[in-house]
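Here the sequence shown is numbered in full-length UniProt numbering, starting from 1 and rising by one per residue.
Think of the CB as a built atom: it goes at the ideal place given N, C-alpha and C, for glycine as much as any other residue.
Only a predicted model underlies this, so the values are computations on that prediction, with no experimental measurement involved.
Comments concern the structure below.
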Amino acid sequence: MFIRLLVCVPVLLLLALISPIGRTKVIYDMPRVSETPQIDGKFSANEWAKATRVEVAFNTNPGDSTPSPVKTIAYMMEDGENIYIAFDARDPDPEAILAYVRDRDSIFQDDFVGVILDTFNDERRGFEFFVNPLGSQGDLTLDDTLNNEDSSWDTVWDSAGSVTESGYVVEMAIPYRALRFTPDLSEQTWGIRFLRIYPRDSRMVITDNKNDRSLDCSLCQANKVRGMPQLKSSGANFDVTPTVTYVNSEDREVDPIGPWNQVTDEFEVGLDLRWAMSEDWILNATINPDFSQVEADAGQLDVNTTFSLFFPEARPFFLDGAEYFKSRNRLVHTRNIADPDIGVKVTGKTNGYSGGVIVAQDTSTTFLAPGSTGSDIALLPDLASDVFIARGQMDIGKKNNIGALITHRAGGDYENQVASIDGKYYFTEKDILNYQVMYSSSDNPVCDGADDDCPDFDTDSPSDSALSLSYRHNEEDWSYRVSYNDFGKDFRADLGFITQVDYKRWVVGGDYVWRGEEGSKWTRWGVFGDIDRTEDQSGLLLEEEAEIHMFINGPNQFRTNFGVVDRNRYFDGRYFDEKQFMAWFMIKPWADFTFENFMRIGDQIDFTHARIGEITLFEPGVRWQIGKHFNMNLRYTSQKLDVEGGELFKADLYDLRFAYQFSVRSRLSLTLQSIEIDRNLALYDDNQDSDPDNDFLAKSKDFGTQLIYSYKVNPQSLFYFGYSDNALEDDNVTSLRKTDRTVFAKFSYLWQH
C-alpha cells in the first residue's frame, strides 16, 4: 500500500502545480484609523465615517445569487490592534427579528450577521465571527478542505447589538491577537466574506459575494481585503490562566441501601499558558490542568448496537488549534487522553506549511478496540501512558494539499503508533479526489482475564495498514461520488476514533436537486442515494446495501428527507435481510418554537441473539424560546425491537434542558436526563440458562440531574457553581434511589501580557 503511495504522491504533486482553480474577486481596502469606535451597539455615522462600506446584497440560499430582499451594509476598518466591523441590517418588519439573549455559540437559530476571515489567504481555513441583534456571540473555525465548521473554538473579542426602528445594528472589535496570520508584510491580503442570516419563512443566507453552487468550497469564492501594513498582534503575547476547582462527591450502595461514602473532597489548582511565539505559531502548555467537563453530554441510547458511541471533545486546551490535527479519517480524538497531568501543544502555519505537536502524560489509558462488526472501549485505568501527536500539511497550488500525521501512545507493555499520509487534489474546479494511507503497529498488554475492560487481542504485536479514497464530481444541480475504504484486520488508531476495521467497502452514490421559482415557498427538493458493498479481508461478504432518499424544503423553515434502505448483512455466521423506512423533518410553526422528529421502522438484527426483529424508533425534539431570556430543549428517543414471540425490549431516553440567560455573561441551566429500558426476559436466552451472572434485568432506569450557574467574562475568565446527582431503579431497587451526588465549583481568570 505504501509503495502505491510513493508512486502516486509525485504524480499528485506535479498535477497540483498546474491546478486550474482561479477566480476573479472583488478587492476591498481596509483603512487604518487612529480614532476607534465605541463598541456599544449604537451605530454612529461619525464613528464609522472612515470605514470601507460593503453592500451585503446577494441571496445565495435559497436564491441563486439573486438580489437580497433586505438591505444590509457592512463597515470595516482597523487601527493596528483590532479590526472593527459594523452592520446596519435593515428590516421591513423589525418585530419579526429573532433576537434573544444567548450563551456563546447558541445564536444560530436567530437573526445574525458576521464576517469570515481567511487570514492566510490560502482559501483553506478561516475564522468566523457572528453576532445576533442583542450582541450574543458565535465564533467558529472553518476548514474548507474537509468541509467542516467547528463551534468549539472560542476566543476573546468584543461585540454589541441593538434592535432599532428600521432593523438592527451590530458592532464588533476583533483583536489581531485572536487571529493567526503572516506578520510584518508591507501589505496583507486576506479572504473576507460578509454574511447575514435572515430566518423568516425560509432561512435565507445573504452574502457580499455571488456563489457558484457547482463548487464544493466557500473560501475559494470569497472576496479579498488588502491593507493592514506591518501587522503584528497587539503586543499581548502571553495568556496566563490560573484555575481553581473544588469537587465534593459522595456515592453509596443502593441494594441494599447503604451510607454515603466520601469519594472526593478537594481543591485543585492549575495553570494554562498560551504564548504567541509569533503571529502564526502558538504554544499552549498546561500544568495540573482542569480537564473537567462542566456541561453534561447529550444523552444517547446504547442498546442493541455493536459499535461504540461518539462523544465530542469539549476541553479548552485541546480545542485551541484543534483544526490543525484533523484529517479525512478520525485518527486524532483527544477525548481519549482522559486524565493528563501535564500537556504541551504547538500549532501554526508559515508560507503554506501548517502543523502541530501535542505532548501529554495521561494517568490512565483508554482506547477503542475495533473489529469488522463491532467495537468496544478498552480501559487500562492503572496504566499511565505518554502521548505524542504530530501533524503537518503543505498547501500546493491554489487548492490542493498533502499532509502527514504521526500518533504515539505508550506505557508499560502497551504501545500504539500510527503513521498517515493524506491529501486533497482538484483535477478541475468540479472534480475532487481525497485520499489517506495509514499504517499502525501495536504492542498489547497481557490480559489475565480478571478485568473485563482489558481487551482480548488475537496477537501480542499486531500491525496493519488502511487506505481511504473518495472522488466527487459537482454540478450546480447534481453530483456523483465514488469511495473506497480498505482497513486491515489489525489496524488500530488508539488516539483516534476508528470504530471498524477488517473490511473493504465500495460506495457509489449521487444526488439531484430541483429549486423553486423566485418567491416560491417550496425552495428546494431532490433525491439522493447510494449503493455499497463491504467484505472483510478474507473476502467474506459483510454487507450489501442500496438506499434512496428524497428531500424537500418548504414554508415555516420546513425541511424533510425520507427514504428506504435495503440491506443484506452478515452477523454471527448468518446473513440477514433488512428493509427499513426512515424519515426526518423539522418545522418552525412559530418563530420561537421548533419541532423535529426522526423515525426508522423495519427489519433489524437482534444482536444479542443473532435473529431478525422489527425496530420502531422515534426521536422527536422541541426547542422553545420563551421570551428573550428563557429557553427549553427536549430530546426524546423511543426504541423498541419486536421478535418472534413478542416485544424483546423497549428503551426510552429523555434529555430535558432549561436555561435562563440573565445576560450574555450570566446563565442558570438545569439538565434532566433519564434512560429507562424494559425487557421481556422470557425472550432472552441468557436468562434461561443456569448462570445468573449473565442475566439481563427486566427493568432498569437511570436518572440524572445537573444544576449549574455560570458567569463568563470571556471564554477563559469564568465562574461555575453546580450540583449533580444520579439515581438508579431496577428489578432489585423498586424506586429511584440516588447512587452519587456532587457539588463542584470552578474559577479561572485570564491575564493577558
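| Item | Value |
| --- | --- |
| Residue 826 versus Glu165: straight-line alpha-carbon distance, rounded | The structure shown does not extend to residue 826, since the chain spans only 1 to 753, so no value can be given for it. |
| Collapsed DSSP secondary structure at Thr705 in the structure displayed | strand |
| In DSSP terms, what Gly270 is bridged to | Thr243 |
| Outcome for Pro340 when other beta-carbon atoms lying within 10 angstroms are tallied against a minimum of 16 | buried |
| Whole-angstrom distance between Tyr503 and Pro373, CA atom to CA atom | The displayed chain sequence assigns Thr, not Pro, to residue 373. Cα to Cα, the separation comes out at about 9 Å. |
| Residues sharing a beta bridge with Gly423, DSSP | Ile402, Tyr435 |
| Candidates Gly646, Pro620, Leu641: closest to Leu634 by CA position | Pro620 |
| Beta carbon of Asp702 nearer than 8 Å to that of Leu718 | no |
| Delimiting residues of the alpha helix (DSSP H) encompassing Pro316 | 316–319 |
| As assigned by DSSP and simplified to three states, the class of Ser90 | The sequence given here places Arg at residue 90; Ser does not occur at that position. In the structure shown, Arg90 sits in a strand (DSSP, three-state: E or B). |
| In DSSP terms, what Tyr654 is bridged to | Tyr636, Ser674 |
| Integer-rounded CB distance, given that Val170 should sit under 8 Å from Val115 | With a Cβ gap of about 10 Å, Val115 and Val170 do not count as contacting. |
| Collapsed DSSP secondary structure at Ser660 in the structure displayed | According to the sequence shown, residue 660 is Tyr rather than Ser. If DSSP states are grouped into helix, strand and coil, Tyr660 belongs with the strands. |
| Contact set for Thr207: own chain, Cβ-Cβ below 7 Å, skip 5 residues either direction | Val56, Phe58, Thr60, Arg193, Phe194, Leu195 |
| Minimum C-alpha distance to Cys220 - residue among Tyr720, Lys430, Val743 | Lys430 |
| Rounded C-alpha distance that separates Phe311 from Leu368 | 13 Å |
| Through-space distance from Asp122 to Arg741, alpha-carbon basis | 50 Å |
| Where Tyr484 falls: helix, strand or coil (DSSP) | strand |
| DSSP state of Gln221 mapped onto helix, strand, coil | helix |
| With 16 other Cβ atoms within 10 Å as the buried cut-off, status of Ile342 | exposed |
| Asp725 versus Pro256: straight-line alpha-carbon distance, rounded | 19 Å |
| Simplified DSSP assignment, three categories, for Gln230 | coil |
| Contacting residues, own chain, Cβ-Cβ under 7 Å from Asp362 (five flanking each side not counted) | Ile337, Ala338, Asp339, Pro340, Ala384, Ser385, Val387 |
| Minimum C-alpha distance to Gln38 - residue among Gln557, Ile282, Asn46 | Asn46 |
| Proximity below 8 Å, CB of Gly41 to CB of Gly138 | no |
| Ranges of the beta strand (DSSP E) found wholly within the segment 529–613, counting only runs of at least 3 | 541–554, 558–571, 574–590, 593–606 |
| Residue range of the unbroken beta strand (DSSP E) whose run includes Tyr28 | 27–30 |
| Cβ contact (3+ pairs, closer than 8 Å) linking the segment 515–522 and the segment 390–410 | no |
| Enclosing beta strand (DSSP E) for Ile282 [first to last residue] | 281–287 |
| Assumed close pair Pro31, Met77 - CB separation to whole angstroms, cut-off 8 Å | 5 Å |
| N- and C-terminal bounds of the beta strand (DSSP E) containing Pro370 | 365–370 |
| Where the beta strand (DSSP E) through Thr742 begins and ends | 737–748 |
| Best match in Asp477, Pro462, Arg481 for proximity to Tyr471 [C-alpha to C-alpha] | Arg481 |
| For Leu469 and residue 757, the rounded distance between their alpha carbons | With the chain covering 1 to 753 only, the question about residue 757 has no answer from this structure. |
| Contact check, Phe649 vs Leu641, beta carbons under 8 Å | yes |
| Nearest-angstrom Cα separation, counted from Pro69 out to Pro92 | 10 Å |
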